[in-house]
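In our numbering, the protein residues as written are 124 to 242. Shown next, in structure tokens, is the structure this report addresses.
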């Protein structure tokens, strides 16, 4: 399934570390909408080149903003394996944080069930 199609999978499920995929923290994660260039959905792929050309000519600041946003999250798509591997967050660190949020909220739900309260 594609998140581009009507009724397709959400970005939250399709892309790793997407915003709202960290349980209990709806604003945590990568906002993929900030990394994408929207293309006219009625035109599809044929609109890709004209859209990018228009952005390059008319909105170079927008391109720079997208590049800056990508630079801020790019390390989360790599696996630190060199001498400086632990200096920057990487895919493993992000996955561990995501798992931690899931387990923490799972535990909170279990404790809520035991005491009869809901979260």
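We put the beta carbon where it would ideally sit given N, CA and C, even for glycine. On a predicted model such as this, the values are computed, not experimentally measured, just so you know.
Other residues of its chain near residue i: CB distance less than 6 angstroms, five sequence neighbours each side excluded
i	result
residue 193	158
residue 163	170
Rounded straight-line distance, which links the Cα of residue j to that of residue i
i	j	result
residue 228	residue 152	16 angstroms
residue 124	residue 138	Note that residue 124 scores 40 on pLDDT, short of 50, meaning its location in the model is unreliable and no value can be drawn from it.
residue 169	residue 155	22 angstroms
residue 172	residue 161	12 angstroms
residue 231	residue 237	10 angstroms
Sub-8 angstroms separation of residue i and residue j beta-carbons
i	j	result
residue 211	residue 145	no
residue 214	residue 201	yes
Close beta carbons around residue i, own chain, < 7 angstroms, minus the five adjacent residues each side
i	result
residue 178	160, 185, 186
Where residue i falls: helix, strand or coil (DSSP)
i	result
residue 153	strand
residue 141	strand
Practice task
Identify every run of the beta strand (DSSP E) within the segment 189–225, keeping only runs that are complete inside it and at least 3 residues long; order them along the chain.
Solution key: none
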